[in-house]
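Quick notes on the structure that follows.
Residue numbers (my numbering), protein chains in the order written: chain A, 1 to 635; chain B, 636 to 1270.
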């Protein structure tokens, strides 16, 4: 019998090895996973509920659990973490309700000013009651008075509103607030003056994270924000795995649950009724877009990767199960191609590349990284399968940006001593994306790795250890960490990161080649994406995530996709621009590009095979003495 | 214990008194109600199923029934008519499945030529398959090819079509038929060339009868017609009773079942799939209109009688539960006022009054009779609560126009002998509306009644009998009838008919007064309505159903409401005209009209109090010697 088991905590994706027989609460504490326990494992509080997929891999239900858990919970695989002991490797899901602190939201994005021009407008009306001499239909009465007072030409009236219009008008004593969508459709009639209650909901459906923003449509301001891990993660970490999952309608229904959860949280925070939320805008990559809408996704993943629909869509929330006002509207922004989605259109809106005179390069870093190059004269776009390495996945001690994650690292190039900073300044339990970027750059500058990404076996440091013939560099020693074990970066981790950053770099390089421009021609670089908000742009450039462009030109814009969704929520003009952008952006398919293979090989070097293209980084490496004596062969 | 019970057969509304202990099959035969029985009451065939509302009023389930009826049927109140014996007065429902012959359809209407201009159009397309160089979205591909081949500007695509567009296009090998509604929305994409399958469904929702027409939208021709009693009848015979019934959504669901039953029958007759029926038009009076749409109806019945919506409505069939193509459209024609509905708009369309130079008077006779007066320069309309007397209800031996109904009557003014004709030439079992009109006219001409409607007590005829102090005139003697009893018309029956015809006449008279015209100014009279098709226009005029206008000007147009629905089904222009008509017709409220009371009193005479207004009828009465010596006082 094995002595140790591998445990994976979802949805964080945190991996940890533990001795068999340890209970899950202890393991969670070791791993620094966020799990509530008030009684600290005495089986009293019942707060440390987790969900276990394979019940045979832990001990049977204890008497304490039989008392505390409902039979419904038991049937769904719930256990108390303090009662369940690990016998074999397993996956443990931590429900949101069992969490104390929330993860860092990472959903803040650039603020791009937009003229307030929402599609939802509210009007207050006092109607003359009917008489035998004025027995107009309720509908005619409403429309004619609307025209008289506000000069609005007979909008259509949502049928559901008509059904109960008669009692509503009479109970309201003929004083009502009329809500109109896009000057063309009455979607709500309420008793009294309700003009103040007018809200919208902007949404970014990330492969990994869902982010929602509640906006007051009378002011255009954000009232509240919230985020959740995408509940589709257990069905597949990346887009391809999700597409491969057979039951797409199940994926749709879980993501809709996530949307509704965020909506519920936002309405609670703001103290409003979800019926006052009349419109939602949504962005996401093409797979998330199709899954959200329950549109057949099969052919997006097959050559020639055609999406079913590119155009923006307006759809009734009931058709999707989203619980904003049932007569409201969901506007899903248009997309560009099979792998360049509505989120990318939103980034182009937020960065205003479409109207810029300057030549701009934008990277929206995520599980897929979309690269955009252009200005008002034309825009190229492509998509790179960068994978989830920068989000902590597939990295030995990688984790998402939660409490206890190492988020910044510097290495003294002489002593190889490491200094780090953790989120919330607690004991470290893993490394998140921003520190991963720092680490690779610092390791290069300290000569711990060379430009091929190989760890230097000849270094004399106790931080350099070897396991099963592979080198690891210790960032935090067992004594300092919350898990009690070392936090390391392995040779395999470095290779993962090289592949990820090479994918991004290749995308940018191929677009630049296509546009016949060099780094010097580029006036502005935007780094977008939740993770992008926290990285050090210089370190990112040193490791070659993007071509060497003057750092003054680099601007970190955070969750720009969310910004674009918010802009479209409050501006009809922006939606029009989104359609234009979606049509005009030229999609460059990387897989079939003849330059792809060689460019990808070159980009695997840190920062790049052809060091002449990284003069500043080359000077730095020369200065600290780590410039390679024999530069790599450029493909 | 009583010896006799009163039985009412639904949905016919046929009343009959029977000896207690008689079985229902015998009663049905006596009453001439259409009920199948192959074994003639031996309890073998199981065909004579009926539904009984109060099971305590018949004997308990017999062994035969326990064998033949399913437990579900028993729970729904099913009995075999040959097994159930009547103990007390009760209501018996005969399901459609237990009927042999169908009632006379009475849904034929005038044919008014219309240019074929349906909103549903089908296009066949061969699409180029996608390649890496042409990876347009499926949606863009479809729309762009549609534009290229047929010069159609990007119609919207129904979301349900988008959801499965990808596999459909590929399984169809890119050859598809696209169905477009109103040049603006793609509502179906089918594999292969399906242009031939393009149908529409026109529907008239009568208070008493539902009538459906299946049309080929490629030719505009009627392929099949069908009708049913309105299944709402058990909930209330007339509009007011239906409105008073508390659960309107129950009324909606039963009428939708009726619509679907007719749709099913029509598709079966024509051998087509209901998914090929893309559009439905519907007309009905305001109450039927609101109930069909499940719009709150409460205030239509309360002064000032405002409808909720006057305008025509386009609505998705799924919202109502109608089983045509789920992405198709239901167009409900506009109405005029609380008591002048979409059926009346349809009559105005069918008779083309709206564009006529001639001054026209139209009566759409039904449970409510709508009267219209006008021409292209203007139209007045009102509604009269004429009640169901002309449909056989509230008349002692009245019945609907089913087999065995007396439909024509003449009376020899000298001998008072009666000659009659029955539907299907079978033994008579009751009197239907057309014969009721004949009877009153013939009785007047024979001096059996005077112009006050009073039966002449001094007549010497064995046909004149007296029951409980009230006179009755025997039309068919027991020996001739299928029930074995006399078929009579009573003094009370005559009063019922006087009230009904007075209501209609009052409507016409008030409109004529309002328009300042006399009978001579009117160029054309249209008599519409199922019942109207069978009446003798001269007799109808003699009894004063309408003002005395030259008979050459009178035209019987049958179910003109159904004609109007069919016209709107195949012509967009007609729908536009319907909106104009609905807006321009001036509704005259009778209840508040100062002339109403006196006009109604005058109209209660047969034909009318002021005989100077009926010169032709007066001459006739003088000629046969029944002109009153002392004409009534005109109010």
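Built from N, CA and C at the ideal position, the CB exists for glycine as well.
Is residue i helix, strand or coil when you go by DSSP?
| i | result |
| --- | --- |
| residue 302/A | coil |
| residue 1104/B | coil |
| residue 818/B | coil |
| residue 578/A | helix |
| residue 872/B | coil |
| residue 823/B | strand |
| residue 159/A | helix |
| residue 3/A | coil |
| residue 924/B | helix |
| residue 102/A | Caution is warranted here: a pLDDT of 43 is assigned to residue 102/A, below 50, making its placement in the model unreliable, and no coordinate value can be reported. |
| residue 621/A | helix |
| residue 785/B | helix |
| residue 864/B | strand |
| residue 125/A | strand |
| residue 82/A | coil |
| residue 1017/B | strand |
| residue 1269/B | coil |
| residue 887/B | helix |
| residue 402/A | coil |
From residue i to residue j, what does the alpha carbon distance come to, in whole angstroms?
| i | j | result |
| --- | --- | --- |
| residue 587/A | residue 535/A | 27 Å |
| residue 723/B | residue 653/B | 10 Å |
| residue 877/B | residue 871/B | 5 Å |
| residue 679/B | residue 979/B | 48 Å |
| residue 572/A | residue 354/A | 17 Å |
| residue 387/A | residue 315/A | 31 Å |
| residue 601/A | residue 613/A | 15 Å |
| residue 249/A | residue 801/B | 16 Å |
| residue 231/A | residue 984/B | 57 Å |
| residue 276/A | residue 197/A | 6 Å |
| residue 1217/B | residue 956/B | 27 Å |
| residue 628/A | residue 472/A | 22 Å |
| residue 1099/B | residue 1112/B | 12 Å |
| residue 1128/B | residue 1030/B | 5 Å |
| residue 603/B | residue 1198/B | Nothing about residue 603/B can be reported from this structure: the residues present for chain B run from 636 to 1270 only. |
| residue 1013/B | residue 995/B | 11 Å |
| residue 1053/B | residue 694/B | 41 Å |
| residue 960/B | residue 848/B | 16 Å |
Tell me, to the nearest whole angstrom, how far the beta carbon of residue i is from that of residue j; I am working on the premise that it is less than 8 Å.
| i | j | result |
| --- | --- | --- |
| residue 560/A | residue 346/A | 7 Å |
| residue 368/A | residue 339/A | 7 Å |
| residue 291/A | residue 258/A | The pair is not a contact, with the Cβ atoms about 11 Å apart (cut-off 8 Å). |
| residue 470/A | residue 491/A | 5 Å |
| residue 774/B | residue 308/A | 6 Å |
| residue 544/A | residue 631/A | Their Cβ separation, rounded to whole angstroms, is 14 Å, which puts residue 544/A and residue 631/A out of contact at 8 Å. |
Across which residues does DSSP place residue i in a beta bridge pair?
| i | result |
| --- | --- |
| residue 453/A | BP columns for residue 453/A are empty, so no partner. |
| residue 837/B | 848/B, 916/B |
| residue 949/B | 966/B |
| residue 654/B | 639/B |
| residue 408/A | 421/A |
| residue 109/A | 558/A |
Using alpha carbons as the reference points, say which of the options lies closest to residue i.
| i | options | result |
| --- | --- | --- |
| residue 175/A | 137/A, 148/A, 123/A, 201/A | 123/A |
| residue 428/A | 440/A, 438/A, 408/A, 414/A | 408/A |
| residue 1131/B | 857/B, 1089/B, 970/B | 1089/B |
| residue 14/A | 64/A, 93/A, 155/A | 93/A |
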